[in-house]
Amino acid sequence: MRRVSFLAAAAFALGTAATAGAQGLAVGPYAQFQTGLTAGSTVGALFGGEGGYSANSFDLFFEGGHMTNTKSSAMDAAAQTIADALTTPGSTVTYEAKQPINYFDLGFWYRPRMFGKWQPYAGIGLGSAGVTRETKYAANGSDITGQLPAMGVTLGGDLQGDERGFFFMLGGGARMGFGERLFVDVSYRYGHVSLDSEGVHTNRIQFGIGAHF
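Just add 736 to the spot in the sequence shown (first one is 1) and you have the working numbering.
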(Lines of atoms letter the chains of each structure in order from A and count residues from 1; the text may use other names and numbers.)
(Lines give C-alpha, C1' and ligand atoms only; values in the text may rest on other atoms or scores of the structure.)
Protein backbone atom coordinates (compact mmCIF):
# COMPACT_ATOMS: atom_id res chain seq x y z
CA MET A 1 0.00 0.00 0.00
CA ARG A 2 2.81 2.41 0.87
CA ARG A 3 4.50 1.65 -2.46
CA VAL A 4 1.27 2.35 -4.35
CA SER A 5 0.77 5.58 -2.43
CA PHE A 6 4.35 6.64 -3.15
CA LEU A 7 3.99 5.92 -6.88
CA ALA A 8 0.69 7.82 -6.99
CA ALA A 9 2.27 10.81 -5.23
CA ALA A 10 5.27 10.75 -7.60
CA ALA A 11 3.00 10.60 -10.66
CA PHE A 12 0.95 13.51 -9.31
CA ALA A 13 4.12 15.57 -8.70
CA LEU A 14 5.44 14.89 -12.22
CA GLY A 15 2.08 15.76 -13.73
CA THR A 16 1.95 19.01 -11.78
CA ALA A 17 5.48 19.93 -12.89
CA ALA A 18 4.67 19.17 -16.52
CA THR A 19 1.52 21.30 -16.33
CA ALA A 20 3.45 24.17 -14.76
CA GLY A 21 6.02 24.00 -17.58
CA ALA A 22 3.33 23.86 -20.25
CA GLN A 23 1.59 26.95 -18.81
CA GLY A 24 4.46 29.07 -20.14
CA LEU A 25 3.92 27.90 -23.74
CA ALA A 26 1.97 30.46 -25.74
CA VAL A 27 -0.56 29.01 -28.16
CA GLY A 28 -1.90 30.75 -31.27
CA PRO A 29 -0.58 33.15 -33.94
CA TYR A 30 2.23 35.61 -33.26
CA ALA A 31 4.34 38.20 -35.06
CA GLN A 32 7.51 40.07 -34.21
CA PHE A 33 9.91 42.72 -35.51
CA GLN A 34 13.63 41.85 -35.47
CA THR A 35 16.86 43.81 -35.61
CA GLY A 36 20.46 43.09 -34.72
CA LEU A 37 23.90 42.43 -36.16
CA THR A 38 25.55 40.11 -38.65
CA ALA A 39 28.99 38.87 -37.60
CA GLY A 40 31.81 37.62 -39.81
CA SER A 41 34.78 39.26 -41.48
CA THR A 42 32.72 42.44 -41.15
CA VAL A 43 29.86 43.57 -38.91
CA GLY A 44 26.60 44.66 -40.51
CA ALA A 45 23.06 45.48 -39.46
CA LEU A 46 19.91 43.48 -40.07
CA PHE A 47 16.19 44.19 -40.12
CA GLY A 48 13.41 41.67 -40.46
CA GLY A 49 10.25 40.12 -39.19
CA GLU A 50 8.80 36.78 -38.20
CA GLY A 51 5.29 35.42 -37.99
CA GLY A 52 3.94 32.04 -37.10
CA TYR A 53 1.66 29.81 -35.10
CA SER A 54 2.48 28.28 -31.73
CA ALA A 55 0.96 24.89 -30.96
CA ASN A 56 1.92 22.99 -27.82
CA SER A 57 5.73 22.70 -27.85
CA PHE A 58 6.26 23.62 -31.54
CA ASP A 59 6.12 26.82 -33.61
CA LEU A 60 5.56 26.88 -37.36
CA PHE A 61 7.11 30.12 -38.60
CA PHE A 62 7.94 32.29 -41.60
CA GLU A 63 10.73 34.89 -41.45
CA GLY A 64 12.21 37.39 -43.86
CA GLY A 65 14.61 40.28 -43.73
CA HIS A 66 17.57 42.25 -45.02
CA MET A 67 21.25 41.95 -44.00
CA THR A 68 23.13 45.11 -44.94
CA ASN A 69 26.61 43.63 -45.39
CA THR A 70 27.86 40.02 -45.23
CA LYS A 71 31.05 40.40 -47.27
CA SER A 72 33.79 37.82 -46.77
CA SER A 73 37.53 38.25 -46.32
CA ALA A 74 37.93 36.76 -49.83
CA MET A 75 35.85 39.59 -51.29
CA ASP A 76 38.02 42.15 -49.51
CA ALA A 77 41.19 40.46 -50.77
CA ALA A 78 39.96 40.45 -54.38
CA ALA A 79 38.93 44.12 -54.18
CA GLN A 80 42.27 45.10 -52.64
CA THR A 81 44.20 43.33 -55.40
CA ILE A 82 42.50 45.51 -58.02
CA ALA A 83 43.00 48.65 -55.92
CA ASP A 84 46.72 47.92 -55.67
CA ALA A 85 46.94 47.37 -59.44
CA LEU A 86 45.24 50.72 -60.14
CA THR A 87 47.42 52.69 -57.75
CA THR A 88 50.00 54.88 -59.49
CA PRO A 89 52.60 57.35 -58.18
CA GLY A 90 50.78 60.40 -56.87
CA SER A 91 47.40 58.67 -56.54
CA THR A 92 45.81 56.46 -53.91
CA VAL A 93 43.06 54.07 -54.92
CA THR A 94 40.62 52.84 -52.30
CA TYR A 95 37.55 50.62 -52.48
CA GLU A 96 34.24 50.05 -50.71
CA ALA A 97 32.81 46.53 -50.89
CA LYS A 98 29.37 45.43 -49.69
CA GLN A 99 27.36 42.23 -49.90
CA PRO A 100 23.74 42.77 -48.79
CA ILE A 101 21.33 39.83 -48.65
CA ASN A 102 17.53 39.65 -48.78
CA TYR A 103 16.24 36.36 -47.38
CA PHE A 104 13.16 34.40 -46.36
CA ASP A 105 12.57 30.93 -44.97
CA LEU A 106 9.88 28.70 -43.47
CA GLY A 107 10.48 26.22 -40.68
CA PHE A 108 9.70 25.13 -37.17
CA TRP A 109 10.91 25.81 -33.64
CA TYR A 110 10.90 23.20 -30.90
CA ARG A 111 10.16 24.70 -27.50
CA PRO A 112 11.05 22.64 -24.40
CA ARG A 113 9.82 23.49 -20.90
CA MET A 114 10.18 26.96 -19.38
CA PHE A 115 13.39 27.95 -17.60
CA GLY A 116 12.26 30.56 -15.13
CA LYS A 117 10.66 33.36 -17.13
CA TRP A 118 12.42 32.37 -20.35
CA GLN A 119 11.11 30.04 -23.06
CA PRO A 120 14.04 28.53 -25.04
CA TYR A 121 13.62 27.24 -28.59
CA ALA A 122 15.67 25.74 -31.43
CA GLY A 123 14.93 24.70 -35.00
CA ILE A 124 15.58 25.00 -38.73
CA GLY A 125 14.24 26.88 -41.74
CA LEU A 126 14.41 26.46 -45.51
CA GLY A 127 13.92 29.17 -48.11
CA SER A 128 15.65 31.42 -50.62
CA ALA A 129 18.03 34.39 -50.54
CA GLY A 130 19.21 37.02 -53.00
CA VAL A 131 22.86 38.08 -52.72
CA THR A 132 24.08 41.37 -54.19
CA ARG A 133 27.76 42.26 -54.51
CA GLU A 134 28.71 45.93 -54.85
CA THR A 135 32.25 47.27 -55.11
CA LYS A 136 33.17 50.90 -55.75
CA TYR A 137 36.60 52.42 -56.36
CA ALA A 138 37.91 55.91 -55.75
CA ALA A 139 41.19 57.64 -56.71
CA ASN A 140 42.22 60.36 -54.28
CA GLY A 141 38.60 60.47 -53.09
CA SER A 142 36.98 60.70 -56.57
CA ASP A 143 34.74 57.83 -57.74
CA ILE A 144 36.30 56.01 -60.71
CA THR A 145 34.05 52.92 -60.74
CA GLY A 146 32.44 53.92 -64.05
CA GLN A 147 35.86 54.45 -65.63
CA LEU A 148 37.19 50.96 -64.86
CA PRO A 149 36.34 49.43 -68.29
CA ALA A 150 38.35 52.19 -69.99
CA MET A 151 41.24 51.28 -67.71
CA GLY A 152 41.02 47.66 -68.83
CA VAL A 153 39.39 46.42 -65.62
CA THR A 154 36.19 44.39 -65.58
CA LEU A 155 34.84 43.41 -62.18
CA GLY A 156 33.95 39.72 -61.84
CA GLY A 157 30.97 38.16 -60.16
CA ASP A 158 32.88 37.95 -56.90
CA LEU A 159 32.82 41.77 -56.71
CA GLN A 160 29.77 42.87 -58.72
CA GLY A 161 26.40 41.32 -59.55
CA ASP A 162 23.37 39.50 -58.20
CA GLU A 163 22.73 35.84 -57.43
CA ARG A 164 19.88 33.91 -55.84
CA GLY A 165 20.10 30.55 -54.16
CA PHE A 166 18.72 28.08 -51.66
CA PHE A 167 18.81 29.34 -48.06
CA PHE A 168 19.26 27.06 -45.04
CA MET A 169 18.89 28.38 -41.48
CA LEU A 170 19.75 26.74 -38.16
CA GLY A 171 19.24 28.63 -34.94
CA GLY A 172 17.91 29.00 -31.45
CA GLY A 173 17.09 31.52 -28.77
CA ALA A 174 14.75 32.36 -25.94
CA ARG A 175 11.63 34.47 -25.38
CA MET A 176 10.29 36.18 -22.30
CA GLY A 177 6.74 37.42 -22.06
CA PHE A 178 5.57 40.62 -20.40
CA GLY A 179 2.05 41.91 -20.08
CA GLU A 180 -0.72 39.75 -21.47
CA ARG A 181 0.43 39.41 -25.09
CA LEU A 182 3.86 41.00 -25.62
CA PHE A 183 7.23 39.23 -25.57
CA VAL A 184 10.91 39.91 -26.22
CA ASP A 185 13.13 37.54 -28.17
CA VAL A 186 16.92 37.03 -28.22
CA SER A 187 18.39 34.60 -30.75
CA TYR A 188 21.37 33.44 -32.80
CA ARG A 189 20.77 32.15 -36.36
CA TYR A 190 23.28 30.64 -38.74
CA GLY A 191 22.45 30.76 -42.43
CA HIS A 192 23.97 29.37 -45.61
CA VAL A 193 23.14 30.51 -49.15
CA SER A 194 23.98 27.96 -51.86
CA LEU A 195 25.14 29.74 -55.03
CA ASP A 196 26.66 28.70 -58.37
CA SER A 197 29.86 30.63 -57.57
CA GLU A 198 30.40 29.83 -53.90
CA GLY A 199 28.30 29.58 -50.77
CA VAL A 200 27.75 32.48 -48.41
CA HIS A 201 27.78 31.93 -44.66
CA THR A 202 25.87 34.28 -42.38
CA ASN A 203 25.71 34.71 -38.61
CA ARG A 204 22.84 36.71 -37.12
CA ILE A 205 22.55 37.95 -33.54
CA GLN A 206 18.95 39.14 -33.24
CA PHE A 207 16.75 41.02 -30.82
CA GLY A 208 13.01 41.06 -31.35
CA ILE A 209 9.79 42.34 -29.88
CA GLY A 210 6.46 40.75 -30.72
CA ALA A 211 2.95 39.92 -29.70
CA HIS A 212 0.57 36.94 -29.57
CA PHE A 213 -2.88 37.38 -31.08
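Note that beta-carbon positions come from the ideal geometry of N, C-alpha and C, so glycine has one too. Owing to the predicted nature of the structure, the values given are computational and were not obtained by experimental measurement.
Taking C-alpha positions only, residue 801 is separated from residue 825 by approximately 44 Å.
The criterion of a C-beta distance shorter than 8 Å is not satisfied by residue 804 and residue 936. In terms of CA proximity to residue 831, 878 leads the group 781, 915, 926, 878. When the beta-carbon positions are compared, residue 866 and residue 842 stay at least 8 Å from each other. Looking at the DSSP output, residue 923 shares a beta bridge with 909, 942. For residue 787, DSSP records a beta bridge to 767, 798.
With fewer than 16 other Cβ atoms from the protein chains shown falling within 10 Å of its own Cβ, residue 934 counts as exposed. Taking residue 784 as the centre and dropping the five residues before and after it, the same chain places the C-beta of 770, 799, 800, 801, 802 closer than 7 Å to its C-beta, in chain order. The beta carbons of residue 901 and residue 930 sit closer together than 8 Å. Note on residue 815: 16 or more other CB atoms within 10 angstroms of its CB, so buried under the neighbour-count rule. Within the DSSP bridge table, the entry for residue 931 names no partner. Using a Cβ-Cβ distance cut-off of 8 Å, the region 845-859 and the region 884-901 are not in contact, since fewer than three pairs of beta carbons, one from each stretch, lie closer than that value. In the DSSP assignment, residue 841 falls within the unbroken beta strand (DSSP E) covering 837-846.
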